[in-house]
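A quick write-up on the structure given underneath.
In this note's numbering, the protein residues as written are 139 to 267.
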């Protein structure tokens, strides 16, 4: 006896991926930068601005508009907005396709020149055992 499966079950593949902390932070920062209304949703126009910001328009040239439309339509569940999770999925794909554009280097750099009253640095992670 054959069982019918919903079309989505037959045509979709679920997988779980891991991205670096730097890439995850970059994706979250990009999303937050263009979430103008602070509602945790990106409309199609905001996605175009994100992709322009990372330099994809220069790479794709005249194909940029079609790419934005396809990227949005293929990652948005409701065809109106991208959620943070949907954006991270798109970011992951872009990260592996456009390795020279993503992840962007962090804007914040912290350098400690000296410190007082701290225990010596433990580069091997064996102190306190």
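Where a beta carbon is used, it is the ideal one built from N, C-alpha and C, also for glycine.
With DSSP as the reference, identify every bridge partner of residue i, one or two as the case may be.
| i | result |
| --- | --- |
| residue 219 | 181 |
For residue i, count neighbouring Cβ atoms within 10 angstroms of its own Cβ and tell me buried if that reaches 16, exposed if not.
| i | result |
| --- | --- |
| residue 184 | buried |
| residue 241 | buried |
| residue 201 | exposed |
| residue 175 | exposed |
Suppose you measure from the CA of residue i to the CA of residue j; what does that come to, to the nearest Å?
| i | j | result |
| --- | --- | --- |
| residue 230 | residue 157 | 7 Å |
| residue 215 | residue 151 | 15 Å |
| residue 153 | residue 196 | 31 Å |
| residue 259 | residue 249 | 15 Å |
| residue 164 | residue 237 | 14 Å |
| residue 170 | residue 207 | 21 Å |
| residue 245 | residue 204 | 30 Å |
| residue 199 | residue 190 | 11 Å |
| residue 226 | residue 172 | 14 Å |
| residue 187 | residue 160 | 21 Å |
| residue 277 | residue 194 | The first residue shown for the chain is 139 and the last is 267, placing residue 277 beyond what the model contains. |
| residue 162 | residue 224 | 13 Å |
Hey, would you say the C-beta of residue i is under 7 Å away from at least one heavy atom of the ligand FAD?
| i | result |
| --- | --- |
| residue 246 | Ligands displayed in this structure: none; no statement on the ligand FAD is therefore possible. |
Where does the unbroken alpha helix (DSSP H) through residue i begin, and where does it stop?
| i | result |
| --- | --- |
| residue 240 | Segment: none, residue 240 is in no alpha helix (DSSP H) and carries neither H nor E. |
| residue 159 | 159 to 172 |
| residue 212 | 202 to 213 |
**Asked** So, do the region 171 to 182 and the region 204 to 223 have three or more beta carbon pairs nearer to each other than 8 Å?
**Response** With three or more CB-CB distances shorter than 8 Å, the region 171 to 182 counts as touching the region 204 to 223.
task: Inspect the CB distances between the region 200 to 211 and the region 251 to 260 and report whether three or more fall short of 8 Å.
output: Fewer than three Cβ pairs drawn from the region 200 to 211 and the region 251 to 260 lie within less than 8 Å of each other, which leaves the two stretches out of contact.
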